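>
Residue numbers (our numbering): 482 to 950.
(1) Give the range of the beta strand (DSSP E) segment to which residue 782 is assigned.
(2) Just the Cα atoms here: how many angstroms apart are residue 796 and residue 850?
(3) If I'm right that residue 852 touches residue 911 with Cβ under 8 Å, what's the distance once you round it to whole angstroms?
(4) If you check the beta carbons only, do residue 494 and residue 502 fall under 9 Å apart?
(5) When you compare the CB positions of residue 864 and residue 927, do they come within less than 9 Å of one another, or not?
(6) How about residue 521 and residue 535: are their beta carbons less than 9 Å apart?
(7) Can you pull the DSSP bridge partners for residue 893?
(8) I'd like to know if the stretch 865-876 and the stretch 924-940 are in contact, where contact means that at least 3 CB-CB pairs between them fall below 8 Å.
(9) May I ask you to report which of helix, strand or coil DSSP gives residue 557?
(10) With a threshold of 8 Å, are at least 3 pairs of Cβ atoms found where one atom belongs to the stretch 824-832 and the other to the stretch 928-939?
(11) Do you know whose CA, among 629, 846, 591, lies nearest residue 913's CA?
(12) With which residues is residue 573 paired in a DSSP beta bridge?
(13) Could you work out which residue in 541, 696, 778, 610 is closest to residue 588 when comparing CA atoms only?
(14) How would you label residue 657, buried or exposed, when you count the other beta carbons within 10 angstroms and need 16 or more for buried?
(15) Taking residue 945 as part of the beta strand (DSSP E), name the residues at either end of that continuous run.
(16) In terms of residue numbering, what span does the beta strand (DSSP E) encompassing residue 502 cover?
(17) Is residue 542 closer than 9 Å to residue 530 when the C-beta atoms are compared?
(18) Using the C-alpha atoms, what's the distance from residue 835 back to residue 903?
(19) DSSP three-state label for residue 603, please.
(20) Relative to the alpha-carbon of residue 780, which residue among 808, 772, 627 has its alpha-carbon at the smallest distance?
(21) Helix, strand or coil, according to DSSP, for residue 617 in the structure here?
(22) Can you give me the start and stop residues for the beta strand (DSSP E) that residue 791 sits inside?
(23) Specify, as a first and last residue, the run of the beta strand (DSSP E) that residue 918 falls within.
(24) Does the beta-carbon of residue 874 have 16 or more other beta-carbons within 10 angstroms, so that it is buried, or is it exposed?
(25) Report the residue from 767, 789, 747, 782 whose alpha carbon sits nearest the alpha carbon of residue 756.
(26) Run through DSSP, which three-state label would residue 643 get?
(27) For the beta strand (DSSP E) holding residue 861, just list the boundary residues, first then last.
(28) Which class does residue 826 belong to by DSSP, given the choice of helix, strand or coil?
Written out as structure tokens, the structure reads:
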């Protein structure tokens with residue numbers, strides 16, 4: 482069976498939910514067995530036969546990079562596990578268990594002192610501990626270091642004192658200067674020195690005066706003043722430059738100037754997040770914005786929406802509105818007439834019997850209105866003998882439907898009677914709705930009308946609607 486790699490993965494082991502747990506990875510110099518998502522080498526088979534644990538470059542048949550625990554016996558090249566006390570040693574032909582001729586000592590085993598021990602160098606010899614990884618001294622009482630001249634503790638990375646330090650002598654720098662009473666030990670960057678304690682009388686204990694300008698750089702950190710009885714600033718000019726400045730108080734914060742103005746400026750705006758009471762006059766040189774940051778247009782008024790504010794026109798633009806604006810920007814109510822339709826004949830037309838629709842128009846009423854209808858129909862008979870007639874009426878269809886309204890009739894009995902006129906005017910009280918008004922002509926002879934501008938004959942149909950205010 483041949484297993485081909487999918488990328489670097491040769492074989493993956495998943496749990497019952499399909500999540501990969503272990504992988505065989507095919508690398509350039511060997512095969513690696515590792516936990517999924519862990520970039521190390523649990524078991525590495527290097528090209529050539531070496532096996533590494535926790536290393537991808539084993540230099541022996543078995544190379545363990547880390548601790549190793551053996552719960553059973555070690556065997557030498559002959560399969561021998563040795564006897565108690567023997568040590569496993571390398572020979573020219575492999576490994577062998579041999580007798581430990583040196584026995585247990587400080588270099589190969591831990592131990593316990595059975596009595597006091599002293600090492601005396603006789604004032605001549607040195608005791609050096611070199612190249613130790615860790616040196617620890619742990620006693621149940623004191624550790625005493627005594628030298629006839631100096632005791633030097635040198636650590637390039639620093640000296641850590643984890644508990645309280647008691648100094649019975651004098652602190653000094655390299656010059657062995659102990660300073661004078663009240664001075665403090667300060668760093669110079671390369672050494673230490675005693676300097677006068679200028680902060681002995683600090684802002685926390687006494688008042689003071691700045692001698693030069695001072696800048697407190699926050700470096701993105703916060704500065705808080707908490708549980709103050711009173712916080713007072715009295716300045717001639719002040720410039721503040723920070724990312725965020727916050728002032729909190731449990732009771733009240735008062736910003737006050739006794740001689741000039743208090744200026745609060747923010748390029749992105751100033752937010753008053755709670756109820757605001759103005760005890761004096763309020764002057765606005767810019768614009769008012771509503772809840773949506775809209776500043777409205779000329780003539781609009783700022784109105785409450787119940788949950789915020791919004792700009793509304795002072796005078797509604799609805800078609801049924803009877804309020805208008807005067808030249809002085811004030812509003813007044815007037816009786817508004819709305820002329821919906823004025824139509825007239827503008828060409829020669831022939832009307833054949835029995836009946837024909839002349840003109841029709843649809844209008845919409847937004848409130849109860851008086852609708853005035855006017856028509857005139859002047860014609861010339863162009864066929865038949867005497868005993869003829871021609872009439873006109875109006876049909877109204879909509880929320881209120883009325884048929885054959887405003888009917889008029891003109892007779893032409895003799896052959897010489899070829900001219901006639903039908904005219905009517907009437908008011909209708911109609912409720913809001915959409916209406917179609919149709920002007921119709923009927924009769925038993927054909928007739929002709931011309932343009933209304935002709936001084937002989939023509940027709941016109943006018944509709945005027947007036948809201949009932």
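We put the beta carbon where it would ideally sit given N, CA and C, even for glycine.
Since the model is a prediction, treat every value here as computed from it, not as a measurement.
Taking the definition as stated:
(1) 781-785
(2) 21 Å
(3) 5 Å
(4) yes
(5) yes
(6) yes
(7) 869
(8) yes
(9) coil
(10) yes
(11) Residue 913 has its Cα closest to that of 846, out of 629, 846, 591.
(12) Beta-bridge partners assigned by DSSP to residue 573: none are found.
(13) 610
(14) Result: exposed.
(15) 940-948
(16) 501-508
(17) yes
(18) 16 Å
(19) coil
(20) 808
(21) coil
(22) Residues 790-794.
(23) Unbroken beta strand (DSSP E) run through residue 918: 914-924.
(24) Classification for residue 874: buried.
(25) Minimum Cα distance to residue 756 is reached at 789.
(26) Under the three-state reduction of DSSP output, residue 643 falls in the coil class, being neither helix nor strand.
(27) 850-862
(28) coil
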